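Input: a single structure, listed below in structure tokens.
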Amino acid sequence: TPSYTGVLKGIKGQYLIFEDNTVFNVRGSEGYFVSLGIS
Numbered sequence: 105t106p107s108y109t110g111v112l113k114g115i116k117g118q119y120l121i122f123e124d125n126t127v128f129n130v131r132g133s134e135g136y137f138v139s140l141g142i143s
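According to the numbering used here, the sequence shown holds residues 105 to 143 in order.
See the structure below:
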């Protein structure tokens, strides 16, 4: 199971943008179970 840990910098449309400039396309992960933790 792939995992990623990072600091969320912003959200633009369907994209979550993280501090290290990693971009997560929410729409591209349609049909998958995605878990986000906030602390």
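All C-beta atoms, glycine included, are put in the ideal place defined by N, C-alpha and C.
Here the structure is a predicted model, which means the values were calculated and not measured.
Given this structure, state the Cα-to-Cα distance separating residue i from residue j, to the nearest angstrom.
i: GLY135; j: ASP124; result: 26 Å
i: VAL111; j: PHE122; result: 6 Å
i: SER107; j: GLY117; result: 22 Å
i: LEU140; j: TYR119; result: 14 Å
With distances taken from CA atoms, which of the options is nearest residue i?
i: ILE115; options: PHE137, ARG131 and THR105; result: ARG131
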